[in-house]
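Numbering (mature numbering (1 follows the signal peptide of the UniProt record, and there is no 0)), first residue to last: -24 to -1, 1 to 929.
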């Protein structure tokens, strides 16, 4: 048949099919035809069916009942052991420091961190350190006498701590003079750093949670210049320091006053609550109050105290819950700062203070600060003493007036307000900070701290840091099946680790810790949460909603399942933490190690730089092992997940792996969890399968198991932090078991250009060789191919796509285009790899939305307080796998997550108003709700001041 005749006949067929498809099924675009292509790709490229048969017949599993109580008790015990060794280390260091104040013979001058000598790279601290010395840093170094400490005894104790518990990190003592002594020594230079103004110091020195309102003078006199800075600039610096001292259990408000008071207005993208309610001192709220409000204050007007006091007290009366989640009463404080006497009448001011505080039972303590050379500060002194207070309303808590003759001292004086309310107790317990990002690159860490006293006076605070990744690794990597998980709460019901939150080692900014009820939305969750923060043990069974990623959460969103789940919880001994295990499935199908005794015949670890192989060659500018796969392990495969991530692998390490995998050694303390060696042995089968399936179109072929084994063919070295269980291809396969799933196109990390991934789950072995979609998966197999190769199969399956006026493309069930005619005809290695149908084929997207085929869904990203909108395409039962219109036909490809589309006529490009949709690096902001593309906008269900999400969200 000639080409011209083909075109004529095809044109007639297209018209005929279009007319027919309006009332019937378009045979020219039968999705079942491409389903056969997809199945062939999976089998010819990966041997999925062959490997599944092998697993069914040769890799026996046995089911064991899961005891939730035993699991959570074991986990709590393991956590308790970690905390116990940590607490003992802090106490040892505290004791030796306190003894040093009585015995001064061992004191000596310490080197400054800025001039630290003899540093060596240490993988434990991820930088150069000197473990034979400690160093000093801080604003207090200007006072020579404070650089002394009983060095030998302190250094010896710090070394002892590190030897006893190698996972401990920085050890340091911050003294009352503003000097921090750090071990090990590191290079750090700062003339302004003052540890006394850091949250770790303040939380220990003044452990009760605080409700604090800062009232600052912005009158015209604040333009006065002192040593090159205006009094306003000095005041902003001092007030910002106070905000910085606050911990996550504190709440804060700010009032600026001159003729009239003003409070932070908030923004449309955050919240307007800052203007009249106290805000939790979260990093987000502190940043707004400092950078957006305080740093933009301007001087003008007079100095009216009374209205400013009224505004300050409104913060207390408008804010609920004067106690914390665990029942601690909050201290109520006002810090009032001015450089002059009031413009209003003193009697009126004192009357306002009397009435406002009486309404609150006289629970507010006043701290007043007067700076400058004025000799009389009568009004401020009386305000601090509350000389006219109504005693009948409750006991008055006298405050303090602090005179600051030299404005340069204002930051130090104001930032030290907490020393007036500090508590000196006997043998206090260790305070554990809310996790934060380490300034020196260790990731998310938490500090265990104790006060150091001498003669009942606070001399400083001693702390030892530990990474959250190490501390909570048992919980983070807990996995007995797809339908089980674990999480940890602190005493304020903040979630420290949970499968819906990023793993600690992946967080690159300050972490956000939210309450359990923001993640677990069943009403009964609150009962679990209350019991956990009370330190109780318990269990409760109820229907809970499980939120699961559909693949790449940023683009594909999530789906939910409602499952009957049992929550088991237990306190972590000697702490205010609690751990919970959630079981939606009471069985674990592990390897039957008594029946499955195979060992790997060979073992090639992916570290080809440490263990070169004789059959290495170059492939896409990468060194690979020809005709062999290499193995990499995810952290979940290791007994000590954190040790694996935190320790540098050597040739000796790899040798130990190999000896164990090949059955030549059984160390008393194995690296790997049970079932990992069995997974290495069973997945070795893919080498034999793939060697008979040359599949020249295949770029990379690989398999990842639920036990943490990742095997790639041909073998290649991977990044250490690569964790296949967290990758979209793996999640997509696990959450669509039995289907061949396609990824969005992406640029290959090893230089193969723009590719896409096909993945399919492998079920756990069953001798019947029969599987249902809700059966447990043992892993996922995947294949990377190029876009032109896939599009060639589309053209071969559907000749109508070749017509000049036609175009065909594949779109996934989230609306993203997998392959398109234009992708192949353009310089496909440089295309925008993330393209949504709402951008590329907007007229088709609008019709799909109109016909309720493409539906918008939403989820809340609790890390950045946004609502993320995504799309789901699904055909209703009555459509018989296909829908058509005069301009396109869309057919479902059974057994996959894609649809094939035949479009007729020219492309109706994205409307001008929707140009913002076309983003490949991240989701665009939802600037136009009429545009049918994934996007995000600030969520309206997060209360910034209370730091909570609404339960119904």
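Note that the Cβ used here is the ideal one computed from N, Cα and C, for glycine as well. The structure presented is a predicted model; accordingly, all values stated were derived computationally and were not measured.
Expressed to the nearest angstrom, what Euclidean distance is found between the alpha-carbon atoms of residue i and residue j?
i, j, result
"residue 143", "residue 282", "54 Å"
"residue 858", "residue 248", "48 Å"
"residue 916", "residue 486", "22 Å"
"residue -2", "residue 539", "Bear in mind that the predicted position of residue -2 carries a pLDDT of just 43, short of 50, making it unreliable; the figure below should be weighed with that in mind. Their Cα atoms are separated by approximately 40 Å."
"residue 630", "residue 604", "18 Å"
"residue 737", "residue 771", "27 Å"
"residue 902", "residue 114", "46 Å"
"residue 846", "residue 825", "13 Å"
"residue 103", "residue 250", "40 Å"
"residue 153", "residue 431", "17 Å"
"residue 510", "residue 284", "39 Å"
"residue -10", "residue 3", "Residue confidence is low: residue -10 scores 30 on pLDDT, short of 50, so the model does not pin down where it sits. Its coordinate-derived value is still stated next. About 13 Å."
"residue 614", "residue 28", "26 Å"
"residue 122", "residue 729", "Confidence at residue 122 is low in this model, with a pLDDT of 49, below 50, so its placement is unreliable and no value can be given for it."
"residue 112", "residue 642", "46 Å"
Closer than 6 Å: is that where the CB of residue i sits relative to any heavy atom of the ligand ATP?
i, result
"residue 701", "Only the bare structure without any ligand can be found here, which leaves the ligand ATP out of the picture."
Do the CB positions of residue i and residue j come within less than 7 Å of each other?
i, j, result
"residue 467", "residue 443", "no"
"residue 735", "residue 709", "yes"
"residue 347", "residue 318", "no"
"residue 338", "residue 372", "yes"
"residue 213", "residue 315", "no"
"residue 533", "residue 835", "yes"
"residue 37", "residue 745", "no"
"residue 254", "residue 229", "yes"
"residue 451", "residue 711", "no"
"residue 536", "residue 559", "no"
"residue 624", "residue 99", "yes"
"residue 684", "residue 606", "no"
"residue 131", "residue 110", "yes"
"residue 13", "residue 773", "yes"
"residue 86", "residue 149", "no"
"residue 311", "residue 415", "no"
"residue 688", "residue 662", "no"
How many whole angstroms separate the CB atoms of residue i and residue j, which I take to be in contact at a CB cut-off of 8 Å?
i, j, result
"residue 261", "residue 920", "6 Å"
"residue 156", "residue 171", "4 Å"
"residue 105", "residue 658", "Not really, about 43 Å apart at Cβ, beyond 8 Å."
"residue 787", "residue 874", "7 Å"
"residue 556", "residue 508", "7 Å"
"residue 502", "residue 513", "Not quite, the Cβ-Cβ distance comes to about 18 Å (not below 8 Å), so this is no contact."
"residue 186", "residue 313", "Actually they do not touch by this definition, with Cβ atoms about 17 Å apart."
"residue 449", "residue 425", "22 Å between Cβ atoms; not a contact."
"residue 217", "residue 173", "5 Å"
"residue 815", "residue 909", "5 Å"
"residue 65", "residue 872", "Incorrect: roughly 55 Å between the Cβ atoms, too far for contact."
"residue 365", "residue 333", "7 Å"
Leaving aside the five residues before and after residue i along the sequence, list all residues of the same chain whose C-beta is less than 7 Å from its C-beta, in chain order.
i, result
"residue 785", "793, 795, 796, 797, 877"
"residue 481", "419, 445, 621"
"residue 8", "870"
"residue 477", "471"
"residue 404", "426, 427"
"residue 271", "212"
Leaving out the 5 sequence neighbours to the left and right, which residues in its chain are closer than 6 Å to residue i when beta-carbon positions are compared?
i, result
"residue 396", "376"
"residue 761", "673"
"residue 733", "705, 719, 758, 760"
"residue 608", "582, 686, 694"
"residue 175", "223"
"residue 357", "377"
"residue 326", "364"
"residue 200", "207"
Here's a check: name, in chain order, each residue in its chain whose Cβ is nearer than 8 Å to the Cβ of residue i, leaving out the five neighbours to either side.
i, result
"residue 777", "770, 771, 783, 784, 797, 878"
Does the beta carbon of residue i come closer than 7 Å to any beta carbon on chain B?
i, result
"residue 919", "Absence of chain B from the displayed structure is noted, only one protein chain being present."
Does the segment 665 to 680 come within contact of the segment 575 to 587, defined as at least 3 CB pairs closer than 8 Å?
As far as the Cβ criterion goes, the segment 665 to 680 does not touch the segment 575 to 587, which means the pair count is below three.
Whether or not the segment 167 to 182 and the segment 483 to 498 are in contact is what I'm after, with contact meaning three or more pairs of Cβ atoms, one per stretch, closer than 8 Å; do they touch?
The answer is no - the segment 167 to 182 does not touch the segment 483 to 498, with fewer than three Cβ pairs under 8 Å.
May I ask you to verify whether the segment 702 to 710 touches the segment 845 to 864, counting CB pairs closer than 8 Å and requiring at least 3?
The segment 702 to 710 makes no contact with the segment 845 to 864: fewer than 3 CB pairs, one atom from each, lie closer than 8 Å.
Can you confirm whether the segment 649 to 657 touches the segment 588 to 598 when touching is taken to mean that 3 or more C-beta pairs between the two stretches lie within less than 8 Å?
Segments in contact, no.
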